Every structure is written in C-alpha cells, then in structure tokens.
Amino acid sequence: MQFALIKAPIAPLMKGPHKSERTDEALCGMTVEILERCGAWVRVRTHYRYEGWVNERHLCFDRCLVRQWTNAPKAVVLQAWADVLDAPKVQGHLVGEIPRGGLLSPAGEAGDGWQRVRFCDGREGYLWGAFLGEYRTAWQKEEEPALRKALTETTRSYLGVQYRWGGKTPLGIDCSGLCSMAYLLNGVIIYRDAHIQPGFPIHEIGFDEIKEGDLLYFPGHVAMYLGDGRYIHATASNNCHGVVINSLDPRAPDFRADLPGKLTCCGSIF
Numbered sequence: 001m002q003f004a005l006i007k008a009p010i011a012p013l014m015k016g017p018h019k020s021e022r023t024d025e026a027l028c029g030m031t032v033e034i035l036e037r038c039g040a041w042v043r044v045r046t047h048y049r050y051e052g053w054v055n056e057r058h059l060c061f062d063r064c065l066v067r068q069w070t071n072a073p074k075a076v077v078l079q080a081w082a083d084v085l086d087a088p089k090v091q092g093h094l095v096g097e098i099p100r101g102g103l104l105s106p107a108g109e110a111g112d113g114w115q116r117v118r119f120c121d122g123r124e125g126y127l128w129g130a131f132l133g134e135y136r137t138a139w140q141k142e143e144e145p146a147l148r149k150a151l152t153e154t155t156r157s158y159l160g161v162q163y164r165w166g167g168k169t170p171l172g173i174d175c176s177g178l179c180s181m182a183y184l185l186n187g188v189i190i191y192r193d194a195h196i197q198p199g200f201p202i203h204e205i206g207f208d209e210i211k212e213g214d215l216l217y218f219p220g221h222v223a224m225y226l227g228d229g230r231y232i233h234a235t236a237s238n239n240c241h242g243v244v245i246n247s248l249d250p251r252a253p254d255f256r257a258d259l260p261g262k263l264t265c266c267g268s269i270f
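Anchor point for the sequence shown: position 108 equals 108 in full-length UniProt numbering, and the numbering is continuous, going up by one each time.
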C-alpha cells in the first residue's frame with residue numbers, strides 16, 4: 001500500500017477524475033491511501049474510509065515525510081480558519097493556512113500564547129496556541145454524557161456557515177459533512193454520507209430513544225438532535241442556505257414543516 005499526505009488547506013474529493021461532482025473534502029494533515037491514478041488525478045481512500053479523486057497538486061508523496069508524519073504527535077485545529085506565521089507575532093509572514101479539522105504537529109512552545117507547529121510536508125511556523133485542541137481518535141463508554149454535550153457544541157460552532165455540497169469546513173459544509181465532522185473532531189469516525197452504513201458505529205434507535213448528539217435521518221439528509229425537540233443541520237432548501245437550528249414541534253417558531261414527516265430513522269453510537 002502507498003500513502004500520501006494532504007498538504008493543501010482543503011483538498012476537494014471528486015466523484016471522478018477531472019471535472020466532476022465534489023463529494024467530500026480532505027483536510028490538511030490527513031493521510032490517504034493511494035488506490036489509482038489517472039493523469040494528474042489520484043483516487044484515494046481517507047482514514048475515515050471514504051474514497052474519491054483528488055488532484056495530485058494537493059498531495060505530498062514523499063515517503064520519508066509520510067513515515068515521519070505517521071509517528072509525529074498531532075493536534076487538531078479548532079479555529080474556523082487559522083494562519084501559521086513565520087514568527088510568533090501577528091506581523092509575521094504567512095507560512096500557510098489551515099481550516100478547522102486540519103492537523104498540525106506541535107514543535108515546541110514559543111511562549112506568549114504562541115505554539116510552534118509543523119505541517120505534514122515539513123513547513124514550520126507559529127500558530128496562536130488556543131487555536132489547537134487535542135487530536136482524539138477514540139472515546140470511552142464512561143464519557144457518554146460529556147461526549148453528547150461536546151458533539152452538540154461542535155455542531156453549534158458551525159452555525160451560519162454557508163451550505164456547500166461535499167463541503168465540511170467553516171468555508172462551506174453539507175449536512176453529512178456537519179455531522180461527520182462533529183463526531184470526527186471528538187474522536188469518533190462515522191460514515192460520511194447521509195445514511196446508516198454497516199461497519200460504522202452508528203446504529204438505528206427508536207425515535208423515543210433519541211438524546212442530544214444522536215442523528216436524525218431523512219431521504220438524502222441528516223441532522224443532529226440537540227434535545228427538547230430541536231435539531232441542527234446544514235440545509236440548502238426551505239429558504240435556508242447554511243447551518244441552522246430548527247424544531248420538530250409544530251408550535252415552535254422555527255418549526256420546519258417539510259422534514260418531520262419524512263424522518264426515516266434515528267441513529268446513535270451509544
């Protein structure tokens with residue numbers, strides 16, 4: 001197997017090579033498995049088991065760097081969009097940019113709130129330390145109450161972000177991108193698209209069992225339940241074009257009449 005690193009801030013994953021539909025976005029610092037090549041396009045599989053075609057200009061193929069990055073400590077970017085500068089001061093020159101969900105490797109403290117970091121392709125610079133969080137790859141059963149709260153807080157951090165088909169960053173995000181990123185940022189890999197997929201931790205539950213952090217599935221659409229009959233989702237219909245909160249209660253001012261009757265199932269990892 002051959003692997004590569006996403007070196008661009010955002011690498012669109014396309015349904016096919018050349019001009020085709022965007023189905024996902026891989027983020028800076030993610031490792032992908034190379035499956036196939038077609039000219040300047042490479043079919044890859046992400047660590048969360050999603051496949052698509054990415055242009056080779058977004059990838060770092062250096063095997064030494066891939067090996068080093070595999071073993072390097074990592075932190076995840078929590079800021080919507082962050083600059084990495086060549087000096088620990090706001091006047092520093094830009095080394096690179098990275099969105100929420102991208103990965104960097106801490107490379108020693110710089111002091112005064114700044115963190116020295118390294119990109120997967122070896123570039124180094126300084127980032128405001130508060131923009132980084134723990135890179136989690138697992139969760140424990142006893143963490144359920146805290147994880148449920150963290151999931152809903154994470155989705156709320158995208159409120160107002162525009163809708164983007166195949167997107168999953170604060171520059172633009174779709175319904176399954178919102179839900180899968182909320183879980184990914186909290187150490188849980190769920191299926192990227194808007195349905196329950198065998199082999200992933202989401203399993204079907206009854207509507208009377210849903211709690212905050214669980215998912216509501218509709219035809220071609222998914223939302224996260226917030227509790228008290230409210231849910232958050234990325235939508236491009238019903239006069240909305242982004243991440244909003246709606247209610248399942250017909251008496252509520254933010255009730256959305258076109259969705260409750262189309263609910264196909266509810267899902268949970270718990």
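All residues carry an ideal CB built from backbone N, CA and C; glycine is no exception. The model shown is predicted, which means the values in this text are computed figures rather than measured ones.
What residues in its chain sit with their C-beta under 6 Å from that of A8, if we drop five residues either side in the sequence? If we look at A8 and ignore the five residues flanking it on each side, its Cβ neighbours are H58.
Spell out a yes or no on whether the segment 117-137 and the segment 49-65 are touching, meaning 3 or more CB-CB pairs, one atom from each, closer than 8 Å. The segment 117-137 is in contact with the segment 49-65.
Give the secondary structure of H195 by DSSP, where H, G and I count as helix, E and B as strand, and everything else as coil. Here H195 sits in coil by DSSP.
For G187, tell me which candidate among T70, G160, K74, G167 has the shortest Cα-Cα distance. It is K74 whose Cα lies nearest to the Cα of G187.
Exposure label - F207; buried when at least 16 CB within 10 Å: Only exposed fits F207, as fewer than 16 other CB atoms lie within 10 angstroms of its CB.
Residues near R192 in its chain [Cβ-Cβ closer than 7 Å; skip 5 each side]: Contacts found: D24, Y48, Y50, S176, S180.
Coil, strand or helix - Y126 by DSSP: Here Y126 carries a strand assignment [DSSP, helix/strand/coil].
For L59, write down the residues that DSSP places opposite it in a beta bridge. DSSP, once it has assigned bridges, lists I6 as partnering L59.
Short of 7 Å in beta carbon distance, which residues of its chain neighbour L85, apart from the five on each side in sequence? Order them along the chain. Excluding residues within five positions, the ones whose Cβ falls inside 7 Å are G92, H93, L94, V95, G125, Y126.
Give a yes or no on contact between the segment 247-267 and the segment 195-207, applying the rule of three or more CB pairs nearer than 8 Å. Yes, they touch.
Please go through the same chain and pick out, in chain order, the residues whose beta-carbon is closer than 8 Å to the beta-carbon of Y183, but skip the five residues on each side of it. Within the same chain, L151, I189, I190, I269 come within 8 Å of Y183 by CB-CB distance, once the 5 residues on both sides are set aside.
Just curious, the alpha helix (DSSP H) that R256 is in, first and last residue? DSSP places R256 in no alpha helix (DSSP H); its state is neither H nor E.
Between R116 and A110, what straight-line distance do the alpha-carbon atoms span, to the nearest angstrom? Straight through space, the alpha carbons of A110 and R116 are spaced by roughly 6 Å.
Verify whether the separation of the beta carbon atoms of N246 and L259 is less than 9 Å. Cβ atoms of N246 and L259: closer than 9 Å.
For N246, which of helix, strand or coil comes out of DSSP? DSSP, reduced to helix, strand and coil, places N246 within a strand of the structure shown.
Quick check on the DSSP output: the alpha helix (DSSP H) that includes E153 runs from which residue to which? 144-156 is the extent of the alpha helix (DSSP H) around E153.
What does A236 pair with, by DSSP beta-bridge criteria? DSSP output for A236 lists no bridge partner at all.
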